[in-house]
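As you go down the protein sequences, you meet chains P and S in turn.
Numbering-wise (this note's numbering), the first sequence opens with residue 1 and increments by one.
Numbering-wise (this note's numbering), the second sequence opens with residue 1001 and increments by one.
Notes follow once the structure below has been shown.
There are 2 protein chains.
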Amino acid sequence: MKPEVIQDIVLASVKVACSDCNLRELCMPVGFNLEDMQKLDEVVATRRRIAQGEMLFRSGEAFTSIYAVRTGFFKTCVSSEDGREQVTGFQMAGEIIGLDGIVSDHHNCNAIALEDAEVCVMPFSNVEELSREFPVLQRHVHKVMSREIVRENSVMMLLGNMRAEERLAAFLLNLVQRLHARGLSQSELVLRMSREEIGSYLGLKLETVSRAFSKFGEEGIIEVKQRYVRIIEPEALKKIFKAQLDY
Amino acid sequence: MKPEVIQDIVLASVKVACSDCNLRELCMPVGFNLEDMQKLDEVVATRRRIAQGEMLFRSGEAFTSIYAVRTGFFKTCVSSEDGREQVTGFQMAGEIIGLDGIVSDHHNCNAIALEDAEVCVMPFSNVEELSREFPVLQRHVHKVMSREIVRENSVMMLLGNMRAEERLAAFLLNLVQRLHARGLSQSELVLRMSREEIGSYLGLKLETVSRAFSKFGEEGIIEVKQRYVRIIEPEALKKIFKAQLDY
DNA sequence: AACTATCTTTGACAAATATCAAACGCATGC
DNA sequence: GCATGCGTTTGATATTTGTCAAAGATAGTT
Chain P
1 MKPEVIQDIV
11 LASVKVACSD
21 CNLRELCMPV
31 GFNLEDMQKL
41 DEVVATRRRI
51 AQGEMLFRSG
61 EAFTSIYAVR
71 TGFFKTCVSS
81 EDGREQVTGF
91 QMAGEIIGLD
101 GIVSDHHNCN
111 AIALEDAEVC
121 VMPFSNVEEL
131 SREFPVLQRH
141 VHKVMSREIV
151 RENSVMMLLG
161 NMRAEERLAA
171 FLLNLVQRLH
181 ARGLSQSELV
191 LRMSREEIGS
201 YLGLKLETVS
211 RAFSKFGEEG
221 IIEVKQRYVR
231 IIEPEALKKI
241 FKAQLDY
Chain S
1001 MKPEVIQDIV
1011 LASVKVACSD
1021 CNLRELCMPV
1031 GFNLEDMQKL
1041 DEVVATRRRI
1051 AQGEMLFRSG
1061 EAFTSIYAVR
1071 TGFFKTCVSS
1081 EDGREQVTGF
1091 QMAGEIIGLD
1101 GIVSDHHNCN
1111 AIALEDAEVC
1121 VMPFSNVEEL
1131 SREFPVLQRH
1141 VHKVMSREIV
1151 RENSVMMLLG
1161 NMRAEERLAA
1171 FLLNLVQRLH
1181 ARGLSQSELV
1191 LRMSREEIGS
1201 YLGLKLETVS
1211 RAFSKFGEEG
1221 IIEVKQRYVR
1231 IIEPEALKKI
1241 FKAQLDY
């Protein structure tokens, strides 16, 4: 715990202000006047850096805060008694991690950085307190949680009804869409996760994921070179993923 | 719309008070004094009856309220463009339906009564307003949403990592556990849903579900007669479902 | 540059589940 | 009582994905 405290002090000395953050529109409510925004800066207590491969929190740990990803890329996963692991999500800049911990006051999954990352630490008591004061923040928090519920509904559709190639097409389209919303290319990406992690998320073995990638490559729909992917024919991907839901 | 309005009037004339409801401990926060509780009665605007097979709400419909099941049994499901359907959950007395609608102000799934049912209609603006006034209600709402996120994480584990018999064992154990919490038997139940609906929830075809039921029956773990199920060896079910998560 | 560890790709084969088809059971209405 | 319809069970077969194994690619290290 000691090293974290020291690190927090270092980071807190850097200006920590939502009102001044370029990710504001991704993780804060819109339609906010400047005064409100400045009061809202109080939700974020500190920032925290997480090295690649390190855990932001682990299952069973006491829940105190939710986290907004500032930079880097995370995965969340649950594991069963007998050691099987299920990746439940991948999170990028502007997305919120840790909502699973509210119900039992303990985290219910592991959050692991897939590359060096920085998060804004938002003690949940701050969030609740300010939510009572600012209806627009309250509504925003509810929307964030509801969005997560809807996303998981879509994943259930994917896992329950789609075959391997449909799952991968859906996955790729979702990823580039989110990257594009962050100002990155809508046709090129570098995957931050392994075939095995993709497979875990999609309910497939890594070999099946690899084969689907190769098939798309052979068909000229995408260009794949290990973790680099270029989407050549987005329409073909969308056609494969007919079972498209809006998430 | 007319018939519903008339029905609402009829139902509202019956006493609608959370403070007086025998499901209170399931769907309202605990540790509430009586005065607070009486103010909280305002969250529920009306009650509404839904006949078997009817929809409480449908995907795309404007979101105004969340619903607490008072009696009866529901399923929620999403459907894809090409008509595939995925059951995302089954809800019984005391459980909350409709949280999916908050993010986009439109419902994102269909909620269908599997038997004649009655729900408490809680306009979400009431919920938010009273949440600002009562921190204990605010916390409760957050916990309900977080619980749904955690439940869906477990379903992802089930769909992504478990085979047919494990899925069915997990499903049966979860059902009886919830029924038992409502004062019903922990060994006997009558399924409210068809094999096809179970299959949709579990990512299996109805024939596979039926075969798994038969297998459990042959092994003496359960007794099955159509929709009647008696669990003879709960420990055997738990052993099959090693990948047990606490949901 | 060579070595190592890790991730990825590909092939051959096995296992699980889906599909198709038919029979069965139970409730409903005539 | 019998016919009808819907849901369930069971069997035979097809398809998809998983498993096991080996080779290829990449990045980091010495």
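No residue lacks a Cβ here, since even glycine has one placed at the ideal position from N, Cα and C.
Note that this is a predicted model, so its numbers are computed, not measured.
Give every residue of the same chain whose Cβ lies closer than 6 Å to the Cβ of residue i, excluding the five residues on either side of it in the sequence, and list them in chain order.
i       : result
S:G1089 : T1076
P:I49   : Strictly speaking, residue 49 of chain P in this sequence is Arg, with Ile absent from that position. Excluding positions up to five away in sequence, the list reads E118.
P:A68   : C27, I96 and C120
S:V1087 : K1075, C1077, E1197, S1200 and Y1201
Please check the pair residue i and residue j, which I expect to be a contact at CB under 8 Å, by giving their CB distance rounded to whole angstroms.
i       : j       : result
P:L114  : P:F74   : 6 Å
S:A1017 : S:D1041 : 5 Å
P:L159  : S:G1031 : At roughly 38 Å, the Cβ-Cβ gap does not stay under 8 Å, so P:L159 and S:G1031 are not in contact.
S:L1173 : S:L1237 : 6 Å
P:K143  : S:V1103 : 5 Å
P:H106  : P:E61   : 7 Å
S:L1189 : S:P1029 : About 28 Å separates the two Cβ atoms, so there is no contact after all.
S:G1217 : S:E1233 : No, S:G1217 and S:E1233 are not in contact; Cβ-Cβ is about 12 Å, not under 8 Å.
S:E1152 : P:E152  : 4 Å
Out of the options, which has the shortest C-alpha to C-alpha gap to residue i?
i       : options                               : result
S:A1045 : S:S1125, S:V1209 and S:L1172          : S:S1125
P:E54   : P:V136, P:R151, P:R24 and P:I112      : P:I112
P:A51   : P:I66, P:F63, P:A62 and P:T71         : P:T71
S:I1066 : S:M1145, S:P1123 and S:G1094          : S:P1123
P:T64   : P:V136, P:R139, P:D116 and P:V43      : P:V43
S:G1098 : P:M145, P:E81 and P:S80               : P:M145
P:E85   : S:M1092, S:N1110 and S:V1155          : S:V1155
S:L1023 : S:R1047, S:G1083, S:E1081 and S:G1094 : S:G1094
S:N1110 : S:I1222, S:S1187, S:S1080 and S:E1219 : S:S1080
S:F1171 : S:C1021, S:I1231 and S:E1025          : S:I1231
With which residues is residue i paired in a DSSP beta bridge?
i       : result
P:L274  : With chain P running from 1 to 247 in the structure shown, residue 274 of chain P is simply not present.
P:C120  : P:R47 and P:A68
S:S1079 : S:E1085
S:N1110 : S:C1077
P:M55   : P:I112
S:I1096 : S:A1068
P:V224  : P:V229
P:A62   : P:H106
S:F1090 : S:K1075
Go through its chain and collect everything with a Cβ distance to residue i's Cβ below 8 Å, but skip five positions before and after it.
i       : result
P:T108  : Reading the sequence as shown, one finds Asn at residue 108 of chain P and not Thr. Only S59, V78, D100 and G101 meet the Cβ criterion.
P:S19   : L34, M37, Q38, L40 and D41
S:S1214 : V1224
S:R1139 : P1029
P:S187  : V176, R230, I231, I232 and P234
S:I1222 : L1172, F1213, F1216, V1229, R1230, I1231, I1232, E1233 and L1237
By Cβ distance below 7 Å, which residues in the same chain neighbour residue i in space, the five residues on each side in sequence not counted?
i       : result
P:G299  : Residue 299 of chain P is absent from the model: chain P starts at 1 and stops at 247.
P:K39   : none
P:I240  : E165, E166 and A169
P:R211  : none
P:R178  : M92
P:D116  : A51, Q52 and G72
S:V1141 : V1127 and S1131
S:V1005 : Confidence at S:V1005 is low in this model, with a pLDDT of 49, below 50, so the placement of that residue is unreliable and no value is reported for it.
inquiry  = Assess contact between the segment 187-205 of chain P and the segment 225-239 of chain P, defined as three or more Cβ pairs (one per stretch) separated by less than 8 Å. Is contact present?
reply    = yes
key: Cβ contact check for the segment 1172-1189 of chain S and the segment 1129-1139 of chain S: 3 or more pairs under 8 Å   = no
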